[in-house]
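Novice: Protein sequence lines, in the order shown, are assigned to chains A and W. Here the first sequence is numbered in this note's numbering, starting from 1 and rising by one per residue. Here the second sequence is numbered in this note's numbering, starting from 1001 and rising by one per residue. The beta carbon of each residue, even a glycine, is placed where N, CA and C say it ideally should be. Just so it is clear, the structure is predicted and the values come from calculations on it, not from any experiment. First the structure, then my questions, so here it is.
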Amino acid sequence: MNETVTVKEKGSISGFVKSFGLPRLIIAAFLIVLLILSPFVGADLPSQITNIIARFSWNGILVLSMVPMVHSGCGLNFGLPLGIISGLLGATLSIEFGFTGGLSFVVAILIATPFALLLGSIYGWLLNRIKGGEMMIATYVGFSSVSFMCMMWLILPYKSPTMVWGLSGKGLRTTISLEGYYNQVLADFLRISIGKLTIPVGTLLFFAILALAIWAFLRTKTGTAMTAVGSNPSFARAAGINVDKIRLLSVIMSTWLGAVGILVYEQGFGFIQLYMAPFYMALPAVSAILIGGASVNKASITNVIIGTILFQGIVTMTPTVMNNLIKMDMSEVIRIIVSQGMILYALTRKTEVSK
Amino acid sequence: MSKNSTVRKRGSLAAFLRHSSVPIMFIIICAICIPLSGLSPSYLVNEIVTRMGRNSFLIISLLIPIMAGMGLNFGMTLGAMAGEIGLILVSDWQIIGIPGMVLAMILSIPFSILLGLFCGKMLNKARGREMIASYIMSFFINGVYQLVVLYLMGSVIPIKHSSIKLPRGYGIRNTVSLLSMRQKLDNLIPLTIKGVKIPVATFLVVLVLCLFIVWFRRTKLGQDMRAVGQDMEVARDSGINVDRTRIISIVISTILAGFGMVIYLQNMGNIATYSSHSQIGMFCIATLLVGGASVDKASIGNVFLGVILFHLMFIVAPRAGAAITGDSMIGEYFRVFVSYAVITLALIMYETNKRKTKILEGERLKLEQMEEEAK
């Protein structure tokens, strides 16, 4: 999308700035400055790049999960925690049933799927009843479901000794190590190491497969219908498309991608985080896709890739460079301002609000 | 005739039940939880009165944006931050007691106005999604607040006393003690009835604010705001500067939230510099909604009913949860869940109602058109 616009307005810098968005340009420039500075302040560039690639591979699918809902006009998926909860249920149940190694990852996805379908359909049904106010309600649906699950993690009769509190023998721990389960299963597949630079090819491949699937899906008949619903619902209805059904489908897809996304994140990170951890997980994903050039009702796979690299780049680079440069760790503050500022910027753009 | 009236009565009863379903639900929750918690009535009354003094002012600050049709102002956090900055400066200057509080409130005003203007301008750009924008706004300004308080205070903005500074020489400590003004307002006019301590002065301040709100509704500006809240297009056609009116409503709300935060923190006795404000918006909004308010309609009565019911639930839930399940954490999570669930429910009800009226309006227009054509 951006590419065509840029080609059209080549030559005029202001046109380029307008199409790419000033905040995006500033963020990209900031990251480039950080990359250039890092060798001078004594940071290790290859390991920094390894970090960025690794974090990209962890977060890519979570960001990708925004795409279907944005396409169908449901807005940014602030309800991502719902998908994450399905993923967490899959992960914990897979371990509970005694699966280990790579198999536990496959089983986790298989178990998470029905949960994602169920929660996604309820969530989608709800969003169809409140068209126009999706984002705010999505945020609070996410919050209430996370806090509801906080109670459930304590009550549900989990038994596996690796997951429950050692002392009382019940209630899941806040963080569960995946050592011996699916820690790094994707990353270790075809891992390439050149000196200090390591690339988790398996995880990247997994992301690529899903991204390609979404890309291909958006070009099928249903996918085109989804885009039509997002860009002009009344036109889509006139063309005989069942708008509510398409929206429901997009929400279910987003929820399922969120579930798979958190499992991939966990295999890279090495831990399952329960309780309040999924609470604010939607916001980084939302701001990542926006940094990549998406808007409230337009998003592409390119936006996902660029956005995740830029966002994770800033997250990894700022602490080291800032620390070495001015002996002050301002990374947290910068991260908050950049990511929230980006969301705010996108929300205040004049875009047609779909009704 | 009589049959007609009963039908109408039943209809209004159903409407009443629907409108006040949330308060009724809370009354039931509290009725179940109070005996289970085993807390004494005098303790509960004491706690509720304290919390009413502590929170009312903050919650009332939400009323004006609702009047102007801007929904629940999640951006009230901005005012809370302004109030905290005022208090931090005052405690560095070592001005104690009531004068300190008043000065902190005065200091918070310029920050509140600035933040309110910014927030109002942004919300005007994000029309139709004000709530999510104000919600993200609170996070964004929280980042700026951290930048100022954690890095600029002590290095750029002079802070003299090392007792509130971090050991590294700049930035404010995680907690700033307000011992010198702790409950100074609450205890200004001491009154204890049957063991229940009543913060008379705080209630007087809240009363003044309530009178201000009632008066404000009747002013030209207040009328304008209600007109804007009802229908922006009509308001614009009748010559009201819609954008300006909306910005003013947010600025007033932010200033009031700043004052409210000073009152809140004088009762607590210390500032948790980086977390006091973060949850305040959510809890105040939940409280207001529990009191029976909706996204587009709220009154002062909702505020007080909300404080009683919500905080009663807040106090008894952990104990009751522990009594039922033997684990106090369940109750903790339960009250968090309930706060979020209430907001979610209120938002859903608001959106579905909005849609229903829109559909009805559409059908009415269609009918009119058909009649027109039939002629």
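Given that Phe1310(W) touches chain A, what residues does it touch there, using C-beta distances under 7 Å?
Specialist: Simply none; closest approach about 15 Å.
Novice: Measuring only between beta-carbons, confirm whether Lys196(A) sits less than 8 Å from chain W.
Specialist: No - not a single Cβ of chain W is within 8 Å of the one on Lys196(A).
Novice: Determine, using beta carbons only, whether Ser144(A) and Tyr1340(W) come nearer to each other than 8 Å.
Specialist: Yes; because the gap between Cβ atoms is below 8 Å, this pair is in contact.
Novice: For Phe78(A), which of helix, strand or coil comes out of DSSP?
Specialist: Three-state DSSP puts Phe78(A) in coil, outside helix and strand.
Novice: In chain order, what residues of the same chain lie with their CB nearer than 7 Å to the CB of Met1131(W), ignoring the 5 residues before and after it?
Specialist: Excluding residues within five positions, the ones whose Cβ falls inside 7 Å are Gly1071, Leu1072, Phe1074.
Novice: Tell me, please, which residues DSSP counts as bridged to Ala1272(W).
Specialist: Note: Ala1272(W) sits in a beta bridge opposite Thr1175(W).
Novice: Kindly indicate if chain W contains any beta-carbon less than 8 Å away from that of Ser144(A).
Specialist: Answer yes: the Cβ-Cβ gap between Ser144(A) and chain W drops below 8 Å somewhere.
Novice: Please report the distance separating the alpha-carbon of Gln1223(W) from that of Thr1287(W).
Specialist: Those two C-alpha atoms are separated by around 26 Å.
Novice: Looking only at its chain, what residues have a beta carbon closer than 7 Å to the beta carbon of Ile1213(W), apart from the 5 residues adjacent to it on each side?
Specialist: So the qualifying residues of the chain are Ile1060, Leu1063, Ile1300.
Novice: Hey, is Arg1129(W)'s beta-carbon within less than 8 Å of any beta-carbon in chain A?
Specialist: Chain A, which has a Cβ nearer than 8 Å to the Cβ of Arg1129(W), makes this yes.
Novice: Select from the stretch 1119-1146 of chain W all residues with a C-beta closer than 8 Å to any C-beta belonging to chain B, and list them in chain order.
Specialist: No chain B is part of this structure, whose protein chains are labelled A and W.
Novice: Pair every Cβ in the stretch 196-211 of chain A with every Cβ in the stretch 247-266 of chain A, then say whether three or more of these pairs are closer than 8 Å.
Specialist: Yes: at least three Cβ pairs fall under 8 Å.
Novice: Check whether chain A comes within 8 Å of Met1329(W), counting only Cβ atoms and requiring the distance to be less than that.
Specialist: For Met1329(W), the answer is yes, since a Cβ of chain A falls inside 8 Å of its Cβ.
Novice: For Leu80(A), which of Trp165(A), Lys298(A), Met253(A), Ala239(A) has the nearest alpha-carbon?
Specialist: Leu80(A) has its Cα closest to that of Met253(A), out of Trp165(A), Lys298(A), Met253(A), Ala239(A).
Novice: With DSSP run on the structure shown, which of helix, strand or coil describes Leu1188(W)?
Specialist: Correct three-state label for Leu1188(W): coil.
Novice: Flag Phe148(A) as yes if its beta-carbon sits less than 8 Å from any beta-carbon of chain W, otherwise no.
Specialist: For Phe148(A), the answer is yes, since a Cβ of chain W falls inside 8 Å of its Cβ.
Novice: Does the beta carbon of Gly132(A) sit closer than 8 Å to a beta carbon anywhere in chain W?
Specialist: Yes, Gly132(A) lies at the interface with chain W (some Cβ there is under 8 Å from its Cβ).
Novice: Around the C-beta of Glu3(A), are 16 or more other C-beta atoms found within 10 angstroms, so that it is buried, or is it exposed?
Specialist: Since pLDDT at Glu3(A) reaches only 43, below the 50 mark, its modelled position is unreliable, and no value is offered.
Novice: Taking a Cβ distance cut-off of 8 Å, strictly less, list which residues of the stretch 108-129 of chain A are near chain W, in chain order.
Specialist: Correct list: Leu126, Arg129.
Novice: Could you pull out every residue in the same chain whose Cβ sits closer than 8 Å to the Cβ of Gln1266(W), ignoring the five residues on either side in sequence?
Specialist: Met1101, Leu1178, Met1181, Arg1182, Gln1183, Lys1184, Leu1185, Asp1186, listed in sequence order.
Novice: Check the Cβ-Cβ distances between Gln273(A) and every residue of chain W, and say whether any is below 8 Å.
Specialist: No, Gln273(A) lies away from the interface with chain W (no Cβ there is under 8 Å from its Cβ).
Novice: Specify the secondary structure class of Lys298(A) as computed by DSSP and reduced to three states.
Specialist: Of the three classes helix, strand and coil, the one that applies to Lys298(A) here is strand, per DSSP.
Novice: Going along chain W in order, which residues have a C-beta closer than 7 Å to the C-beta of Gly341(A)?
Specialist: Correct list: Phe1140.
Novice: Enumerate in chain order the residues of its own chain whose CB-to-CB distance from Met1(A) is below 7 Å, with the five nearest sequence positions on each side excluded.
Specialist: Any answer about Met1(A) is weak, because its pLDDT of 40 lies below 50 and its placement is not dependable; what the coordinates show is given next. Cβ within range, chain order: Lys298, Ser300.
Novice: Output yes or no for whether 8 Å exceeds the beta carbon distance between Pro68(A) and Ser287(A).
Specialist: No; because the gap between Cβ atoms is not below 8 Å, this pair is not in contact.
Novice: By how many angstroms is the C-alpha of Ser47(A) removed from the C-alpha of Ser38(A)?
Specialist: Approximately 11 Å, taken between the alpha carbons.
Novice: What do you reckon, are the CB atoms on Phe105(A) and Ser86(A) nearer than 8 Å?
Specialist: Contact flag unset, no.
Novice: Residues bridged to Ile192(A) by DSSP?
Specialist: DSSP, once it has assigned bridges, lists Ile199(A) as partnering Ile192(A).
Novice: Given that a residue counts as buried once 16 or more other Cβ atoms are within 10 Å of its Cβ, and exposed if not, what is Thr224(A)?
Specialist: When all chains shown are included, Thr224(A) counts as exposed.
Novice: Which term fits Asn1241(W), buried or exposed, when burial requires 16 or more other beta carbons within 10 angstroms of its beta carbon?
Specialist: Exposed, since its Cβ has fewer than 16 Cβ neighbours within 10 Å.
Novice: Determine, using beta carbons only, whether Val364(A) and Leu1147(W) come nearer to each other than 8 Å.
Specialist: Since the first residue shown for chain A is 1 and the last is 355, residue 364(A) is missing from the structure and cannot be characterised.
Novice: Please classify Val164(A): does DSSP put it in a helix, a strand, or coil?
Specialist: It is a strand residue.
Novice: Whether or not the stretch 307-315 of chain A and the stretch 273-292 of chain A are in contact is what I'm after, with contact meaning three or more pairs of Cβ atoms, one per stretch, closer than 8 Å; do they touch?
Specialist: With the cut-off at 8 Å, the stretch 273-292 of chain A and the stretch 307-315 of chain A touch.
Novice: Where does the unbroken beta strand (DSSP E) through Ile272(A) begin, and where does it stop?
Specialist: Its beta strand (DSSP E) spans residues 271-273.
Novice: Report yes or no: is there a C-beta of chain W within less than 8 Å of the C-beta of Leu347(A)?
Specialist: True, the Cβ-Cβ gap to chain W drops below 8 Å.
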